[in-house]
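Report on the following structure.
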Ligand code: NAD
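What follows is the structure, given as structure tokens:
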């Protein structure tokens, strides 16, 4: 690849395309089977970032014609009370998918909350059932951010099979599930983290490089193999208020064949996949 050759992957457009498709399918589902997909979001406390995410999810539901329900609970809500709300949503026939916005306050056990969600309604894909099924294939739901990355690769017709993929970051919500999704599609996957000895030596091998560390500018141009596909998952707010990824974008553009910008790359895909998971739950008569 020559200078400034990278194709900038337009996550905003792809997210809109996916949501347009969902809107059409929702209309059909309603007409043909009388089903309106329902998504509920539970928010405990008043974390400002969580409030923004919840509002975004509600607006997205409205845009595609879903029923949306929102449960706002005070920050001193007991774990028992939250489990009761989850139990109610597990039984709610109008609701096909729901999530508890994370993080929850410290006195509530995150694992207990996630495990209480019916895996068929776990549209975030965080329940151990869905995570476990990702190992052997065919979960009810795949977690949204890594599934969104796979969607971007597919829509840009980027070949995955046989490719050297390197993921920087091993979190439960991005790095680990993405590892499994890339493996499933026959990539050779290496996962790096804070204890990786020579990070640059590993990233330079990547034909598909995913940065999901949450560390602004940690991937410099010299860490990127010429012609690599660079997926920047990081969302970091600088002191100036500017939003940046984990990759030095301008330098990476000179080395990569494809690159996702921040913002407007991976970010917009998460909600699109959340909606798609909910539509799938509403469309399919899941067992049980
Ligand atoms: P996390 O903090 O849970 O995990 C970060 C991972 O990166 C860890 O495994 C850590 O070992 C690794 N890491 C951190 N610094 C490193 C370094 N210097 N060298 C090597 N490895 C390093 O983070 P997360 O929740 O997975 O999120 C990662 C980033 O992605 C954040 O910026 C977050 O805001 C962003 N994110 C974006 C979306 C989205 O686009 N919708 C969704 C989730 C997370």
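Residue numbers (this note's numbering): 11 to 298.
Just so you know, even glycine gets a beta-carbon here, dropped at the ideal spot from N, CA and C.
Here residue 212 is not bridged, per DSSP, to any residue. Comparing C-alpha distances from residue 126 to each of 99, 113, 150 and 151 shows the shortest one belongs to 99.
Taking C-beta separations shorter than 6 angstroms and ignoring five residues to either side along the sequence, the partners of residue 83 in its chain run 54, following chain order. Between residue 176 and residue 219 a beta carbon distance of about 5 angstroms is seen, short of the 8 angstroms cut, so the two are scored as contacting. Ranked by Cα distance from residue 196, the first of 139, 269, 173 and 161 is 173.
Rounded to the nearest angstrom, the gap between the Cα atoms of residue 214 and residue 235 is 5 angstroms.
Bounds of the beta strand (DSSP E) holding residue 79 are 77-83.
For a cut-off of 8 angstroms, the C-beta gap from residue 281 to residue 256 is around 21 angstroms, too long to register as a contact.
Your pair residue 276 and residue 155 checks out as a contact, with CB atoms roughly 7 angstroms apart and the cut at 8 angstroms. Between residue 287 and residue 169, the alpha-carbon positions lie close to 24 angstroms from each other. Between the segment 176-194 and the segment 155-167 there are three or more C-beta pairs closer than 8 angstroms, enough to call the two in contact. Sorted by position in the chain, 155, 179, 180, 181, 184, 203, 204, 222, 223, 224, 225, 243, 244, 245, 276, 277 and 280 make up the residues whose C-beta lies under 5 angstroms from a heavy atom of the ligand NAD.
DSSP places residue 27 within a helical segment (H, G or I) once states are collapsed to three.
Under the 10 Å beta carbon count, residue 265 is surrounded by 16 or more other beta carbons and is classified as buried. If you compare the alpha carbons of 49, 138 and 124 with that of residue 64, the shortest gap goes to 49. Assignment of residue 38 by DSSP, reduced to helix, strand and coil, places it in the helix class. Here the alpha carbons of residue 238 and residue 216 stand approximately 7 angstroms from one another.
Residue range 279-293 is occupied by the alpha helix (DSSP H) that includes residue 281. Under the three-state reduction of DSSP, residue 247 is assigned to strand.
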